[in-house]
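Peer 1: Numbering (full-length UniProt numbering), first residue to last: 1 to 690. Even for Gly, the Cβ is constructed at its ideal location relative to N, Cα and C.
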Amino acid sequence: MAKNLVIVESPAKMKTVKKFLGANYTVEASNGHVRDFPKSQFGIDVDNDFEPKYITIRGKGELLAKLRKEAKKADKIYLATDPDREGEAISWHLMQALKTDTAKMHRITFNEVTKTAVKASIKQARELDMNLVDAQQARRMLDRMVGYTISPLLWAKVKRGLSAGRVQSVALRIICDREDEINAFIPEEYWSLEGEFQVKGEKKPLTAKFYGTDKKLPIRNRQEMDDILKNLEDCKYEITEVKKGERIKNAPLPFTTSTLQQEAAKTLNFSTQKTMRLAQQLYEGVDVKGSGTVGLISYLRTDSTRISEEADAAARTYISEQYGSDYVSQTEKAIKNGQKIQDAHEAIRPTDIARTPVLVKESLTRDQFRLYQLIWRRFAASRMAPARYETTSVKIGAGEYVFTVAASKVAFDGFMSVYTEEGDDKKGNVLSQSLEKGMELKLKELKPEQHFTQPPAHYTEASLVKTMEELGIGRPSTYAPTITTIISRRYVSKEQKNLYVTELGEVVNNIMKQAFPSIVDVNFTATMEGLLDCVEAGTVQWKTVVRNFYPDLKHDVDEAEKELEKVDIQDEVTDVICDNCGRNMVIKYGPHGRFLACPGFPDCRNTKPYYEKIGVACPKCGGEIVMKKTKKGRKYYGCENNPECDFMSWQKPSAKKCPKCGNYMLEKGNKLVCSQETCGYVEQKPKDED
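1) Of all the options Glu62, Ser432, Gln281 and Gly623, which has the alpha carbon lying nearest to the alpha carbon of Lys15?
2) Taking all protein chains shown into account, decide if Phe403 is buried (16 or more other Cβ within 10 angstroms of its Cβ) or exposed.
3) Considering only C-alpha positions, which residue in the set Leu504, Pro386, Asp234 and Asp367 is nearest to Ala398?
4) From Ser304 to Phe379, what distance separates their C-alpha atoms?
5) Once DSSP output is grouped into helix, strand and coil, what is the label at Ser291?
6) Report yes or no: do the segment 232-248 and the segment 435-452 share at least 3 C-beta pairs separated by less than 8 Å?
7) Cβ of Ala65 versus every heavy atom of the ligand MG: is any distance shorter than 7 Å?
8) So the candidates are Leu79, Ile44 and Asn31; which of them puts its Cα closest to the Cα of Arg58?
9) My guess is that Pro38 and Lys53 are in contact by the Cβ rule of under 8 Å, so how many angstroms apart are they, rounded?
10) Quick one: any contact between the segment 509-528 and the segment 191-210, if contact means 3 or more CB pairs under 8 Å?
11) Does DSSP put Cys674 in a helix, in a strand, or in coil?
12) Rounded to the nearest angstrom, how far is the Cβ of Val465 from that of Gln262, given a contact under 8 Å?
13) Tell me whether the segment 181-189 and the segment 494-503 touch, counting them as touching only if at least three CB pairs, one residue from each stretch, are closer than 8 Å.
14) Check each candidate in Lys73, Gly582, Phe452 and Lys266 and name the one with the smallest Cα separation from Asn221.
15) Expressed to the nearest angstrom, what Euclidean distance is found between the alpha-carbon atoms of Lys608 and Ser675?
16) Hey, could you find the ends of the alpha helix (DSSP H) Ala381 is sitting in?
17) Answer with buried or exposed for Pro252, where buried requires no fewer than 16 other C-beta atoms within 10 angstroms of its C-beta.
18) Which residue comes first and which comes last in the alpha helix (DSSP H) that contains Thr391?
19) Since Cys661 and Cys645 should fall inside the 8 Å C-beta cutoff, what is the C-beta to C-beta distance between them, to a whole number of angstroms?
20) Spatial neighbours of Pro83 within its chain, please: C-beta separation below 8 Å, excluding the five flanking residues on both sides.
21) Using CA atoms only, rank isn't needed, just tell me which of Gln198, Ile228 and Cys604 is closest to Phe210.
22) Along the chain, where does the alpha helix (DSSP H) that runs through Ser654 open and close?
23) Taking its Cβ as the centre, do 16 or more other Cβ atoms sit within 10 Å of Gly538, making it buried, or is it exposed?
24) Going by Cα to Cα distance, which pick from Lys115, Arg316, Ile219 and Arg583 is closest to Gly22?
25) Tell me the DSSP secondary structure of Glu233 in three-state form.
26) Assign Trp542 to one of two classes, buried (16 or more other C-beta atoms within 10 Å of its C-beta) or exposed (fewer than that).
27) How would you call Pro254, buried or exposed, if buried means at least 16 neighbouring beta carbons within 10 angstroms?
28) Can you tell which of Ser408, Leu268 and Gly414 has the C-alpha that lies nearest to the C-alpha of Gln330?
29) For Trp376, count the other beta carbons within 10 Å of its own beta carbon; 16 or more makes it buried, fewer makes it exposed. Which is it?
30) Taking three-plus beta-carbon pairs below 8 Å as touching, is the segment 144-157 in contact with the segment 470-487?
31) Find the nearest neighbour of Arg490 within the set Ala164, Glu310 and Met627, judged by alpha-carbon distance.
32) Note down the Cα distance separating Ala138 from Pro551, rounded to an integer number of angstroms.
33) Among the residues of its own chain, which have a CB less than 7 Å from the CB of Leu98, if the five just before and after it don't count?
34) Where does Arg605 land, buried or exposed, given buried means 16+ other C-beta within 10 angstroms?
35) Per the contact definition of three or more C-beta pairs closer than 8 Å, is the segment 281-290 in contact with the segment 361-370?
36) Pick helix, strand or coil for Ser298, following the three-state DSSP scheme.
Here it is in structure tokens:
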């Protein structure tokens with residue numbers, strides 16, 4: 001009979017671990033958390049020094065009974081949940097729920113689900129790390145406090161079904177702030193100039209860019225461009241400098257959770273949620289032909305770029321054998337920034353570098369293969385030598401002005417033999433060897449071109465994760481669920497790769513900024529993350545964090561409730577008549593934002609889309625311009641006569657016409673801007689329009 005019980009989190013991991021351990025071990029899965037706060041109550045006893053109240057999660061009773069039965073029979077119980085705060089907390093809850101002798105319970109962790117790692121972890125069994133448990137407990141309580149005190153206010157103010165969260169509210173604010181920047185952005189004109197030159201004895205012309213004089217000279221408008229072109233008339237063009245050099249491109253660091261999510265989004269077009277789901281499958285174990293069930297990658301939730309000595313040595317040996325000793329990196333990879341790193345984990349890497357993507361392709365789904373290949377290549381590249389480029393830069397003198405052209409070619413591909421990022425040029429471009437200082441060139445053509453500065457880009461999932469990491473908001477395990485939540489709540493819509501704020505998201509963000517400025521303050525949230533790290537390190541007590549947080553939150557909630565009492569939240573009556581019963585329809589809030597509904601509900605269930613008139617005539621047909629929403633909830637302005645009239649604008653049109661060209665104007669922040677970009681007319685918005 002088995003004398004040892006091993007409890008892991010998931011059935012997939014259970015299946016993998018079972019194959020590594022002998023008949024003396026029974027392996028069971030907890031299926032994630034077994035205890036949590038009750039759904040129907042706050043679950044935190046504020047008057048009793050913030051004691052948490054945990055109950056068995058609904059539906060887990062039968063599973064726990066089975067685990068208790070196995071625990072009683074076992075001599076030793078190994079809690080093998082994930083190697084992070086969340087996993088430590090699940091192990092702690094299991095200890096409480098199993099109701100058996102805690103002396104026979106041991107905590108084991110492995111960074112990869114391989115036979116070697118699992119067996120080694122049993123030899124290195126330890127006690128539960130209560131600092132990790134407390135850090136997770138404090139995070140869960142802070143999130144609970146925010147969610148359970150603020151969400152009811154949103155239900156009262158905006159309508160039911162909305163929610164606020166400690167991290168999700170800040171993520172929403174970041175996206176809203178970017179949207180405001182884009183809406184207020186006013187393009188500025190600038191020009192570029194290229195020269196095409198004929199080199200003696202060469203068929204292909206040489207294209208060089210206008211630089212300026214001794215220093216770079218920006219060209220801001222047509223007048224400045226015309227002056228430069230006039231000064232260039234009858235100029236002699238001569239090469240004044242040919243400079244050769246070498247440029248080094250260093251290998252990338254191996255993946256952390258954040259960089260994996262960003263790169264998978266950019267190169268594979270995966271959402272953060274999809275990336276984490278696939279990575280979890282690769283970590284927990286896949287049936288590989290000839291090897292049985294095996295975990296292909298190390299633990300996927302990490303912000304460390306450290307690699308174990310064994311994995312590093314194995315990678316260098318593999319690279320030396322497959323590519324040659326010149327391709328092996330001679331330096332250790334340094335950790336970027338000076339930030340605090342949860343260094344218990346390694347970076348994300350293959351568990352065995354010799355298990356190349358090609359070898360396991362048949363055993364994986366298409367998406368699993370693509371993600372594994374990305375992780376394998378990035379790790380292999382991180383242990384490889386830098387790429388070297390030979391560079392050539394040429395200066396061409398023309399009177400007082402200078403044109404420049406630069407080119408580079410790869411002298412040694414190094415890590416780029418296995419891994420390239422967007423924008424990496426493996427071949428490089430080469431300039432003619434015949435170019436020499438003093439050589440005269442014949443001008444073929446000057447090409448002036450007008451440009452306008454572009455607004456900041458909308459956030460994508462990848463760039464939002466990068467920003468959250470840089471600002472210290474959230475941790476590896478929270479990026480994907482946070483983004484998933486704000487999209488599923490319809491605060492944000494995702495179109496192609498871009499994230500756009502919906503009307504509902506704007507309303508919620510404005511309430512949060514007004515009533516709970518500290519909750520949506522980026523620095524405050526980053527400080528809270530820092531405090532949780534201190535709890536994990538054992539330098540701050542978890543209850544201290546909770547005690548300091550709750551009174552301020554309670555005060556803000558009480559104040560917001562008083563303010564809300566002054567607001568009589570009634571449905572706004574419109575002049576739109578219900579087609580079914582003749583009543584005046586009212587404006588309601590739903591999951592997609594505002595809509596028109598009959599006040600006779602439930603007798604009359606008629607609804608219509610709500611289009612808000614903005615008091616501006618359509619520039620195309622003279623009809624009314626109304627505010628509309630895309631299917632995903634993104635706001636835009638269109639003509640009420642659609643589909644007969646196809647006018648639409650993402651920016652709010654103004655009734656004022658441009659005094660310079662006669663086109664309609666757009667509102668951008670506190671300015672009015674001509675809708676015709678090439679016109680460039682801008683004026684201050686009258687105060688009564690704010």
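Peer 2: Let me spell this out:
1) Numbered from its first residue, the sequence shown carries residue 15 at position 15. Closest option to Lys15, Cα to Cα, is Gln281.
2) For the purposes of this step, residue 403 is taken as residue 403 along the sequence shown, with counting starting at 1. Buried, since its Cβ has 16 or more Cβ neighbours within 10 Å.
3) Position 398 of the sequence shown holds residue 398. The option with the nearest alpha carbon to Ala398 is Asp234.
4) One-based indexing of the sequence shown puts residue 304 at position 304. One-based indexing of the sequence shown puts residue 379 at position 379. Ser304 and Phe379: Cα-Cα distance of roughly 13 Å.
5) Numbered from its first residue, the sequence shown carries residue 291 at position 291. The answer is coil: DSSP assigns Ser291 none of H, G, I, E or B.
6) yes
7) In the structure on display, the ligand MG does not appear, and there are no ligands present to speak of.
8) Stepping through the sequence shown from its first residue, residue 58 is reached at position 58. Nearest C-alpha to Arg58: Asn31.
9) Taking the sequence shown and counting its residues from 1, one reaches residue 38 at position 38. Taking the sequence shown and counting its residues from 1, one reaches residue 53 at position 53. Rounded, the Cβ-Cβ distance is 7 Å, consistent with contact.
10) no
11) What you label residue 674 is simply residue 674 of the sequence shown in a count that begins at 1. Strand.
12) Here residue 465 refers to the residue found at position 465 of the sequence shown. Here residue 262 refers to the residue found at position 262 of the sequence shown. Yes, Val465 and Gln262 are in contact; Cβ-Cβ is about 6 Å, under 8 Å.
13) no
14) Residue 221 sits at position 221 when you count from the first residue of the sequence shown. Checking every option, the nearest Cα to that of Asn221 belongs to Phe452.
15) Position 608 of the sequence shown holds residue 608. Position 675 of the sequence shown holds residue 675. Approximately 31 Å between the Cα atoms of the pair.
16) If you number the sequence shown from 1, residue 381 lands on position 381. Run containing Ala381: Arg366 to Ser382, per the alpha helix (DSSP H) assignment.
17) Within the sequence shown, residue 252 is the residue found at index 252, counting from 1. Pro252 is buried by the Cβ-count criterion.
18) Position 391 of the sequence shown, counted from the start, is the residue given in the question as residue 391. First-last for Thr391: Ala387 to Ala398, but that is the beta strand (DSSP E), not the alpha helix (DSSP H).
19) Taking the sequence shown and counting its residues from 1, one reaches residue 661 at position 661. Taking the sequence shown and counting its residues from 1, one reaches residue 645 at position 645. At roughly 22 Å, the Cβ-Cβ gap does not stay under 8 Å, so Cys661 and Cys645 are not in contact.
20) The residue given as residue 83 occupies position 83 in the sequence shown. Here the set comprises Thr109, Phe110, Asn111, Tyr299, Ala344 and His345.
21) On the sequence shown, position 210 is the one that residue 210 refers to. It is Ile228.
22) Your numbering for residue 654 matches position 654 in the sequence shown. From DSSP, Ser654 is part of no alpha helix (DSSP H) but of the beta strand (DSSP E) over Pro653 to Lys657.
23) Taking the sequence shown and counting its residues from 1, one reaches residue 538 at position 538. Looking at its Cβ environment, which holds fewer than 16 other Cβ atoms inside 10 Å, Gly538 is exposed.
24) The residue given as residue 22 occupies position 22 in the sequence shown. Of the listed residues, the one whose Cα sits closest to Gly22 is Lys115.
25) Residue numbering aside, residue 233 sits at position 233 when the sequence shown is read from its first letter. Coil, per DSSP.
26) Counting from one through the sequence shown, the residue named residue 542 turns up at place 542. So Trp542 counts as buried.
27) Your numbering for residue 254 matches position 254 in the sequence shown. Pro254 comes out buried.
28) On the sequence shown, position 330 is the one that residue 330 refers to. The candidate whose alpha carbon is nearest that of Gln330 is Gly414.
29) Counted from its first residue, the sequence shown places residue 376 at position 376. The residue in question, Trp376, is buried, as its Cβ has 16 or more Cβ neighbours within 10 Å.
30) no
31) As a working note, residue 490 is residue 490 in the sequence shown. If we check each option's Cα against that of Arg490, Ala164 comes out closest.
32) In the sequence shown, counting from the first residue as 1, residue 138 sits at position 138. In the sequence shown, counting from the first residue as 1, residue 551 sits at position 551. Cα-Cα distance, rounded: 15 Å.
33) On the sequence shown, position 98 is the one that residue 98 refers to. Excluding sequence neighbours, Leu98 sits near Leu67, Arg68 and Ala71.
34) For this step, residue 605 is matched to residue 605 along the sequence shown. By the 10 Å Cβ count, Arg605 comes out exposed.
35) yes
36) Position 298 of the sequence shown, counting from 1, holds the residue named residue 298. Strand.
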